[in-house]
Structures are given as C-alpha cells and as structure tokens.
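Taking it in order: structure first as structure tokens, then the write-up.
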Amino acid sequence: MDSIEFGPARMQRLAWAAANAVQFGFTLAWTAGLITIALLLWVFTGGRRRLPLRMASWCWAPGLMWGAGARFEVEGADGVDWSRRYVLVANHQSVIDICALFRAVPVPLHFLLKHEMTRVPFVGWYARAMGMVFIPRDNRRAASASLRRSAELVRDGATLCIFPEGTRSRDRSVGEFKPGAFQTALAAGVDVLPVALEGTGAVLPPTGFFRVRPGTIRVRIGTPIAVADRDRQALAHEARAQVLALLQRRS
Numbered sequence: 102m103d104s105i106e107f108g109p110a111r112m113q114r115l116a117w118a119a120a121n122a123v124q125f126g127f128t129l130a131w132t133a134g135l136i137t138i139a140l141l142l143w144v145f146t147g148g149r150r151r152l153p154l155r156m157a158s159w160c161w162a163p164g165l166m167w168g169a170g171a172r173f174e175v176e177g178a179d180g181v182d183w184s185r186r187y188v189l190v191a192n193h194q195s196v197i198d199i200c201a202l203f204r205a206v207p208v209p210l211h212f213l214l215k216h217e218m219t220r221v222p223f224v225g226w227y228a229r230a231m232g233m234v235f236i237p238r239d240n241r242r243a244a245s246a247s248l249r250r251s252a253e254l255v256r257d258g259a260t261l262c263i264f265p266e267g268t269r270s271r272d273r274s275v276g277e278f279k280p281g282a283f284q285t286a287l288a289a290g291v292d293v294l295p296v297a298l299e300g301t302g303a304v305l306p307p308t309g310f311f312r313v314r315p316g317t318i319r320v321r322i323g324t325p326i327a328v329a330d331r332d333r334q335a336l337a338h339e340a341r342a343q344v345l346a347l348l349q350r351r352s
C-alpha cells in the first residue's frame, strides 16, 4: 500500500478545512440562537421590529465577522443624515455582505432579497417576520409587485438595501447595475445612497463551500443621489460610477 504524504501544503489545507468546519458550526449555532431570540422578542413585543432588527446589527453581524476572523472598517457613515430615508445600493461579492451592511449602517436596515432565501431555515423566517421583501428572478410580474412593496416599505419609513447587480460577483468586479432596482427609490421619492463593499469576497468567496479566510472588510458609504430629474438608467449609471470610485479610494 502506498503511503500518504503529509507535506506542508497538504497540512495547511487540512488545517484550514478543520478551522472552516468549526467556523461553519459556530455560524449555524450563532445564527439559529440569535434569530430564535429575535423572533421571540418580536412575538412578545406585539410584532415590533426595531429591536429584533437592531439585534442583527449589534449581535449577529459582529459575532459572525468575529468568527470569520474579519477586521472591520467603515468610512463615510458620519457624513450621512440617517434621520432621512434612503435606498442603499451596494456591490455584491459574498453572503457576508449582509453582515457588513447590518454592522455599518446605524439605523434598522431592510433588504430586497432573492426569493430563494425564503427556504433557508431561521434566516428566511427572520427575514419574513422583519418585513424584508423577496423578489423572484424568473417571474417579471411578481418581481414588479415586489418592487412596489419595497417602495411602500420605504415610504413607511424603512431604509432599504438592494444589490442591483442581481447576483454575487465571482471575480470581485462590479457588474452592471440593473435599472429596475432603482424603481423603488423613484417610486418612494427618496435618495439613492451608494455603498462600496471591499474585502468580503476575499473573506468568504462566492465559490466553494464556506471557505473562510481572515481579512479586512471595508464599507465605504458614498454621497446621496437625488432622484429628481433622473430616470432609472441615469440613477443606475451614476450609482455604479460612485461605487467604482469608492472602491478605488485608498484607505
């Protein structure tokens, strides 16, 4: 029988696999535990969402980023008037993008999510209870209805985040921003706020199964874009240009 060689490279891969298995277990337990508490709070407070939403920012997101060994930096938040409502638009590299945004934005945050998220245990339950909007990608009529609901949510006082690329970037480049995503801001009559996410795709890549690597995640918040005198295409172009400029900025 041939002997199995354990060189440095193989040992390193095994060590990372073991570490990622522990991180995956922690992620599942942390998410299930905190969402259970958040949903109980939601029930016992008569359906009030503010505290359960803030738990995502104060507890869930920081805990998961700590478990991933991620350092966190945020730029530009102090220059935004958070008493106003916005539709945030961000580039999308990783599932950990949502954690980074929850942690960076100092007000309760809602998301426009793909419909498949409804089938994810705990996360889907929490998102439904918190009034997140789900959009089907294969049904244009249902997608239009979801965008109308998202505009109603913003008009009712919510700050909403959308990933206008529509899916995660596999190579960390910024794809085209779909103009339909900006219909929510136009319908609600609120500014678009571009946000650039850097480093999330390196910490938790979109390829492979939970291949976490420690690194720095930076969230750069841009300048609000007024929707007056702009159409969807103009908003998409201007927001993407601002995200690209934010990503090129040196720390």
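One rule links them: number in this note's numbering = place in the sequence shown (from 1) + 101.
Ideal placement from N, C-alpha and C gives every residue a C-beta, glycine not left out.
DSSP puts residue i in a beta bridge; with which residues?
i    : result
H211 : L261
I236 : K215
A297 : R321
E176 : R321
Could you tell me which of the options sits nearest to residue i, measuring between CA atoms?
i    : options                : result
V304 : T317, F310, V293, L294 : T317
L154 : L135, A169, R172, G168 : L135
E266 : R238, E253, V234       : R238
R319 : P306, V291, L348       : L348
A337 : E174, A346, E277, G323 : E277
R312 : A110, G108, A116       : A116
K215 : P207, I199, V208, L152 : I199
R271 : S184, S195, A130, N240 : S195
R333 : G281, D292, A119       : G281
A335 : W131, R350, K279, Q124 : K279
A120 : L142, N240, F310, R256 : F310
Beta carbon of residue i, beta carbon of residue j: below 7 angstroms?
i    : j    : result
R269 : H193 : yes
A259 : F203 : no
A244 : I236 : yes
I197 : T301 : yes
G168 : F127 : yes
P325 : L298 : no
M231 : R150 : yes
V188 : L261 : yes
R314 : G177 : no
S158 : L213 : no
G225 : M233 : no
V190 : A340 : yes
V181 : A205 : no
L165 : V275 : no
L254 : Q284 : no
V291 : R172 : no
W183 : P209 : no
L152 : L140 : no
Specify the secondary structure class of residue i as computed by DSSP and reduced to three states.
i    : result
A346 : helix
M102 : Caution is warranted here: a pLDDT of 46 is assigned to M102, below 50, making its placement in the model unreliable, and no coordinate value can be reported.
A171 : strand
T324 : coil
L115 : helix
E339 : helix
F283 : helix
D292 : strand
T317 : strand
L129 : helix
Q124 : helix
V144 : helix
G309 : coil
R271 : coil
G276 : coil
W159 : helix
G108 : coil
Which residue comes first and which comes last in the beta strand (DSSP E) that contains residue i?
i    : result
A201 : Where A201 is concerned, there is no enclosing beta strand (DSSP E), although the alpha helix (DSSP H) it sits in stretches over 198–205.
L152 : Not the beta strand (DSSP E): L152 falls in the alpha helix (DSSP H), residues 151–156.
A379 : Missing from the structure shown is residue 379; the chain here goes from 102 to 352 and no further.
On the DSSP letters alone, give me the boundaries of the alpha helix (DSSP H) that residue i sits inside.
i    : result
A244 : 241–256
V224 : 224–230
A329 : Unbroken run through A329: none, as it is neither H nor E.
T301 : 301–304
Under 7 angstroms between C-beta atoms, does residue i make it to chain B?
i    : result
G281 : Among the protein chains of the structure shown there is no chain B, as only one such chain exists.
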